[in-house]
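Participant: In the numbering used here, the protein residues as written are -1 to 443.
Have a look at this one before I ask anything.
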Ligand SMILES: Cc1ncc(COP(=O)(O)O)c(C=O)c1O
């Protein structure tokens, strides 16, 4: 019988997952289309690999095992799986058609809605992926300023201009690699040191897990004004989650352009570039940014229903309420056990569990927690990506599971033998290095 969300005696049977995995090996390079969903992020031999159904905050894998999900599609499931109001909107639109030969009224309706809820969204464009719109934003900034270089902080997608700063930069010409540099979050001096006469813009995730200190975001705004360059917020994680209007609203800092995707359509593929007319109007004629599926109507219908639902229920406040219980609960269990090396940190809408390398290999510690949570029916990748469907009983159950699992980790750490407790290969690092790499040397002209 497949495992359920309960204190199961056994690890789940994952025969069907493994069969698919073997069929995909050698057929689908890297196996996954989304790095964070791939098998490397889960303990081999223990975790499922393929999910086939979701309802609310729960998912079922291809072997029929059930889990509470804290990954939530890596961000998009802001309301929850198979959320009725959104699904009805999609089905309603499906009856009328998906992609049309001319523009669709939803393009206008959703843009009006976005303009209403997102600060500075004087104009709005759609596309399909997060990196479509971050790349469009960079192009707008370069076109507007007549400059080339980009300073960034965070993850911004697979396109050349960004991924060139990472160590997975094969296939990208050196000339492109020489155009993008990173700066450290909350280190205003690292930004000041990097700006030169050819800098077009600063793009960043306004927050990841660390809070801005010492007016960092406003200082970036001021620097951009001073140098007449553009400030771009990559709101893939903050938009429609931290608050409906994203980080611009939450921190009361104005960006020139802002990029959204993930939470805005509860799982449907759509992204948005918003910003002030002064910059966005370059997209009218001078800049080419058009794509076949940009106005695809199912995703627009989903976005409209999702935004209305997020507003009607003040979903960001709910995410904070539930996320806070998990963060505080986790930290109090860890501290009662004297495990000062593990903490749950971040903004309550999305938190991360950290493991200090002083206590052992952080990836092994994370793997052991994941392995034991999977046995107990919780699909966990080190984060609490909260949704409107995470119920009180999900949270209570999860905290009870942490109460069982953290003592196992403590014992393993005390014995200096975390690896010995693992039933399979440990998880790999998440590809997300946001500080102290590819810094631009100080250039003084
Ligand atoms: C902050 C941020 N920006 C951009 C992207 C790229 O979005 P996509 O994978 O949809 O291209 C992501 C994806 O996770 C992201 O987290």
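Glycine residues also receive a C-beta, built at the ideal position from the N, C-alpha and C atoms.
Starting from residue 159, follow the beta strand (DSSP E) in both directions and report where the run begins and ends.
Facilitator: In the chain shown, the residue the question calls residue 159 occupies position 161. Per DSSP, residue 159 belongs to no beta strand (DSSP E); it is in the alpha helix (DSSP H), 158 to 161.
Participant: Near ligand 1, which residues have their beta-carbon less than 6 angstroms from any of its heavy atoms, given in chain order?
Facilitator: Those residues are 127, 128, 129, 132, 152, 153, 154, 155, 203, 232, 234, 235, 259, given in chain order.
Participant: Would you call residue 264 buried or exposed, if buried means 16 or more other Cβ atoms sit within 10 Å of its Cβ?
Facilitator: The count along the chain shown starts at 1 and reaches residue 264 at position 266. Buried, since its Cβ has 16 or more Cβ neighbours within 10 Å.
Participant: Pull up the distance between the alpha-carbon of residue 146 and that of residue 177, whole angstroms please.
Facilitator: In the chain shown, residue 146 corresponds to position 148, counting from 1. In the chain shown, residue 177 corresponds to position 179, counting from 1. Roughly 7 angstroms separates the two Cα atoms.
Participant: With DSSP collapsed to three states, give me the class of residue 42.
Facilitator: Position 44 of the chain shown, counted from the start, is the residue given in the question as residue 42. Correct three-state label for residue 42: coil.
Participant: At 4 residues or longer, and completely inside the segment 91 to 138: list those alpha helix (DSSP H) runs for me, N to C.
Facilitator: Qualifying alpha helix (DSSP H) stretches, in chain order: 103 to 115.
Participant: Straight-line CA distance for residue 61 to residue 223?
Facilitator: Translated into positions along the chain shown, residue 61 becomes position 63. Translated into positions along the chain shown, residue 223 becomes position 225. Cα-Cα distance, rounded: 55 angstroms.
Participant: Give the DSSP-derived three-state secondary structure of residue 285 in the structure shown.
Facilitator: In the chain shown, the residue the question calls residue 285 occupies position 287. DSSP places residue 285 in coil when its eight states are reduced to three.
Participant: Can you tell me whether residue 26 is helix, strand or coil according to DSSP?
Facilitator: Counting from one through the chain shown, the residue named residue 26 turns up at place 28. Coil.
Participant: What residues in its chain sit with their C-beta under 6 angstroms from that of residue 9, if we drop five residues either side in the sequence?
Facilitator: Sequence index remark: in the chain shown, residue 9 carries index 11 (1-based). Correct list, in chain order: 44, 373.
Participant: Is it buried or exposed for residue 211, if we count other Cβ within 10 angstroms and need 16 for buried?
Facilitator: By one-based count along the chain shown, residue 211 stands at place 213. It is exposed - the Cβ of residue 211 has fewer than 16 other Cβ atoms within 10 Å.
Participant: Please report the residue range of the beta strand (DSSP E) in which residue 348 lies.
Facilitator: Counted from its first residue, the chain shown places residue 348 at position 350. Residue 348 -> beta strand (DSSP E) spans 348 to 353.
Participant: Which runs of the alpha helix (DSSP H), 4 residues or longer, sit entirely within the segment 276 to 351?
Facilitator: Whole alpha helix (DSSP H) segments, 4+ residues: 295 to 310, 313 to 334.
Participant: Which term fits residue 27, buried or exposed, when burial requires 16 or more other beta carbons within 10 angstroms of its beta carbon?
Facilitator: The count along the chain shown starts at 1 and reaches residue 27 at position 29. It counts as exposed.
Participant: Just how far apart, CA to CA, sit residue 269 and residue 21?
Facilitator: The sequence position of residue 269 within the chain shown is 271, counting from 1. The sequence position of residue 21 within the chain shown is 23, counting from 1. Each residue's alpha carbon lies about 32 angstroms from the other.
Participant: What residue range does the beta strand (DSSP E) around residue 272 cover?
Facilitator: Within the chain shown, the letter at position 274 stands for residue 272. Residues 269 to 273.
Participant: Give me the residue from 358, 150, 198, 115 with the minimum Cα distance to residue 140.
Facilitator: Here residue 140 is taken as the residue at index 142 of the chain shown, counted from 1. It is 198 whose Cα lies nearest to the Cα of residue 140.
Participant: If I'm right that residue 303 touches residue 83 with Cβ under 8 angstroms, what's the distance once you round it to whole angstroms?
Facilitator: Taking the first residue of the chain shown as 1, we reach residue 303 at position 305. Taking the first residue of the chain shown as 1, we reach residue 83 at position 85. That belief holds up - the Cβ atoms of residue 303 and residue 83 are roughly 5 angstroms apart, short of 8 angstroms.
Participant: Quick check: is any heavy atom of ligand 3 less than 7 angstroms from the C-beta of residue 148?
Facilitator: Within the structure as shown, ligand 3 is missing, the only ligands being ligand 1.
Participant: In three-state terms, what does DSSP make of residue 64?
Facilitator: Within the chain shown, residue 64 is the residue found at index 66, counting from 1. If DSSP states are grouped into helix, strand and coil, residue 64 belongs with the strands.
Participant: For residue 298, collect the residues of the same chain with a Cβ closer than 6 angstroms to its Cβ; drop the 5 residues on either side in sequence, then sort them by chain order.
Facilitator: The residue you call residue 298 lines up with position 300 of the chain shown. These residues qualify, in order along the chain: 104, 108.
Participant: Is the Cβ-Cβ distance between residue 400 and residue 339 less than 8 angstroms?
Facilitator: Here residue 400 is taken as the residue at index 402 of the chain shown, counted from 1. Here residue 339 is taken as the residue at index 341 of the chain shown, counted from 1. In this structure, residue 339 does not lie closer than 8 angstroms to residue 400 by Cβ.
Participant: Tell me whether residue 244 sits in a helix, a strand or coil according to DSSP, three-state version.
Facilitator: In the chain shown, residue 244 corresponds to position 246, counting from 1. Three-state DSSP puts residue 244 in a helix.
Participant: Please state whether the Cβ-Cβ distance between residue 230 and residue 201 is less than 8 angstroms.
Facilitator: Position 232 of the chain shown holds residue 230. Position 203 of the chain shown holds residue 201. Closer than 8 angstroms, so yes.
Participant: State buried or exposed for residue 209, treating a residue as buried only when at least 16 other CB atoms are found within 10 Å of its CB.
Facilitator: For the purposes of this step, residue 209 is taken as residue 211 along the chain shown, with counting starting at 1. With fewer than 16 other Cβ atoms within 10 Å, it is exposed.
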